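Trainee: Here you go, one structure.
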Amino acid sequence: MSKRVLLIIGGGIAAYKSLDLIRRLKERGVSVRVVMTAAAQRFATPLAAGALAGERVFTDLFDESQEFDVGHIRLARECDLIVVAPATADLMAKAAQGLANDLASAILLATDKPVLMAPAMNPRMWDHPATQRNLATLRADGARMVGPNEGEMAERGERGVGRMAEPEQIRDAAVALLTDGPLKGKRALVTAGPTLEAIDPVRFISNRSSGKQGYAIAAALAQAGAEVTLVTGPTALTPPAGVRAIHVETAAEMLAASQAALPLDVAVMVAAVADWRPAQAARQKIKKNKTGLPTIELVENPDILASLSKPGKSRPRLVIGFAAETDAVEEHARAKIAKKGCDWIVANDVSGDVMGGADNQVLLISKDGAQSWPRMAKEQVAQRLTAEIAKALNPKGRGRK
Ligand code: CTP
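The sequence shown begins at 0 in numbering that gives the first Met the number 0 and counts up one residue at a time.
What follows is the structure, given as structure tokens:
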């Protein structure tokens, strides 16, 4: 059966891009019913949206013919997903507060379907504590977000975070939410990239992790229908669509963000967490030649993998670590499972050009077995690992294809 999206178009300059979104969703066989706020109609016409959707557009909570015909409760329920694009600051505030004084907000309050929002606003409005509060509330209420992106604003000369995600990005996030993948309803955490530990305000300790393997795993899990949180250190990559990305720098921040993502069904710790950090980050830049060479005292960072693996009520059902080894790969990996308490280790042989490269060759090791996979692209490693995760989380016979 084809999937149905209710698209709520909010009043912002990005509304014109939502017309393209209608077309792109329909290309994927998704049927689209459109609701426009009063402000949205100042930026794009219901006629254009209706022509693209192939059916009338709904605009008014108090229009008798619209209310008798379908009604806001039916609009809110007769779909598989609600997409709000652009989600303006005003619409987000209304939804966060539970206001229901127009058709769009009444639908958002009345629905029992998943909601995906694509925020779009001026960067100052996005950064404002009120909007950030509303964002946190909406997330806690279960809304999913795509974007906003960084870039040029419609207002001349302004840049920053606030641009609506591109239609393709929103479509991909929507399709991922509509897909009945084998991990639908499962919550997943992926850590990725390096961490960065300050020596002083300008210097730091880090490593060569590119984040590619972790980002690919986050993307594959999302495609399989999981609700994915990606906690990432600084990388040059764009987080995959449909994934909730949390950007951190230090191991301590990565640990806090990972714990905040609980409860989880699966945690995949791909990050190359710096093993040590300077005992104290100097408040001022350390100057040369004062008293000879500086000594940097190091202390050990918390082990995020071990911390999430601790037995207890909040332990994810499946905890997977990565290991970078140059020799005796399986033996070291087994020792790591025992030491950290995780369920599986994906061991890669980093004696070649794996760090930063496009390919990976891994050994998947659990307490009771090992599989050696041929060298393949990191995306394929991600697909295959996702398939193994789906098998492990869906007990025999109940697993969906
Ligand atoms: N890890 C972590 N927190 C740390 C260190 C590591 O979560 N502070 C996780 C990594 O994300 C990875 C695994 O633990 O999943 C790697 O373990 P680690 O002990 O760092 O192994 P290696 O990097 O292989 O190094 P070594 O063999 O030196 O222990």
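Quick reminder that beta carbons are idealized off the backbone N, C-alpha and C, glycines included. Model, not experiment: these values are computed from the prediction.
Residues bridged to Val-33 by DSSP?
Mentor: Against the sequence shown, residue 33 aligns to sequence position 34. Answer is Leu-6, bridged to Val-33.
Trainee: Nearest CA to the CA of Lys-335: which residue from Ser-350, Ala-219, Ile-319?
Mentor: Sequence index remark: in the sequence shown, residue 335 carries index 336 (1-based). Answer by Cα proximity: Ile-319.
Trainee: As a quick exercise: from Arg-333, Glu-330, Asp-326, Gly-368, pick the residue whose alpha carbon is nearest that of Val-349.
Mentor: Taking the first residue of the sequence shown as position 1, residue 349 is located at position 350. It is Asp-326 whose Cα lies nearest to the Cα of Val-349.
Trainee: When every heavy atom of the ligand CTP is checked, does at least one fall within less than 6 Å of the C-beta of Asn-300?
Mentor: Residue mapping note: residue 300 aligns to position 301 of the sequence shown, counting from 1. True, at least one ligand heavy atom lies under 6 Å from that Cβ.
Trainee: State the CB to CB distance for the pair Lys-183 and Leu-392, rounded to an integer number of angstroms; the pair is presumed to be in contact (CB under 8 Å).
Mentor: As a position in the sequence shown, residue 183 is number 184, starting the count at 1. As a position in the sequence shown, residue 392 is number 393, starting the count at 1. Contact doesn't hold; Cβ gap of about 11 Å is too wide.
Trainee: Between Gly-49 and Val-56, what straight-line distance do the alpha-carbon atoms span, to the nearest angstrom?
Mentor: In the sequence shown, counting from the first residue as 1, residue 49 sits at position 50. In the sequence shown, counting from the first residue as 1, residue 56 sits at position 57. Taking the straight line joining both Cα atoms gives about 5 Å.
Trainee: If we ignore side chains and look at the alpha-carbon of each, how far apart do Val-328 and Asn-347 end up?
Mentor: The residue you call residue 328 lines up with position 329 of the sequence shown. The residue you call residue 347 lines up with position 348 of the sequence shown. Answer to the nearest angstrom: the Cα atoms are 8 Å apart.
Trainee: Using three-state DSSP, classify Val-265 as helix, strand or coil.
Mentor: Residue numbering aside, residue 265 sits at position 266 when the sequence shown is read from its first letter. In the structure shown, Val-265 sits in a strand (DSSP, three-state: E or B).
Trainee: How would you label Asn-359, buried or exposed, when you count the other beta carbons within 10 angstroms and need 16 or more for buried?
Mentor: Within the sequence shown, residue 359 is the residue found at index 360, counting from 1. With 16 or more other Cβ atoms within 10 Å, it is buried.
Trainee: What is the residue span of the alpha helix (DSSP H) that Ala-323 lies within?
Mentor: Sequence index remark: in the sequence shown, residue 323 carries index 324 (1-based). Taken as a continuous stretch (DSSP letters only), Ala-323 belongs to no alpha helix (DSSP H), being part of the beta strand (DSSP E) at 317-324.
Trainee: Ignore the nearest five residues each way along the sequence and tell me which others in Gly-340's own chain have a CB closer than 8 Å to its CB.
Mentor: The residue you call residue 340 lines up with position 341 of the sequence shown. So the qualifying residues of the chain are Ala-305, Ser-308, Lys-309, Pro-310, Val-318.
Trainee: Under a three-way DSSP split, which group does Leu-362 fall into?
Mentor: Against the sequence shown, residue 362 aligns to sequence position 363. Leu-362 falls in the strand class under three-state DSSP.
Trainee: Beta-carbon within less than 7 Å of Ser-313's beta-carbon, same chain only, minus the 5 sequence neighbours each way: which residues are those?
Mentor: Stepping through the sequence shown from its first residue, residue 313 is reached at position 314. So the qualifying residues of the chain are Leu-261, Pro-262.
Trainee: Tell me whether Ile-285 is buried or exposed, calling it buried when 16 or more other Cβ atoms sit within 10 Å of its Cβ.
Mentor: Counting from one through the sequence shown, the residue named residue 285 turns up at place 286. Classification for Ile-285: exposed.
Trainee: Quick one: complete beta strand (DSSP E) runs, 3+ long, within the segment 205-241?
Mentor: Complete beta strand (DSSP E) runs here, min 3: 226-231.
Trainee: If you measure from the CB of Leu-392, is any heavy atom of the ligand CTP nearer than 6 Å?
Mentor: For the purposes of this step, residue 392 is identified with residue 393 of the sequence shown, where counting begins at 1. No, since every heavy atom of the ligand CTP falls outside the 6 Å radius drawn around the Cβ of Leu-392.
Trainee: Taking Trp-125 as part of the alpha helix (DSSP H), name the residues at either end of that continuous run.
Mentor: Working through the sequence shown from its first residue, we reach residue 125 at position 126. Run containing Trp-125: 122-126, per the alpha helix (DSSP H) assignment.
Trainee: Classify Leu-321 as buried or exposed, calling it buried when 16 or more other Cβ atoms lie within 10 Å of its own Cβ.
Mentor: Here residue 321 corresponds to residue number 322 of the sequence shown, with the count starting at 1. The sequence shown places Phe at residue 321, not Leu. Under this definition Phe-321 is a buried residue.
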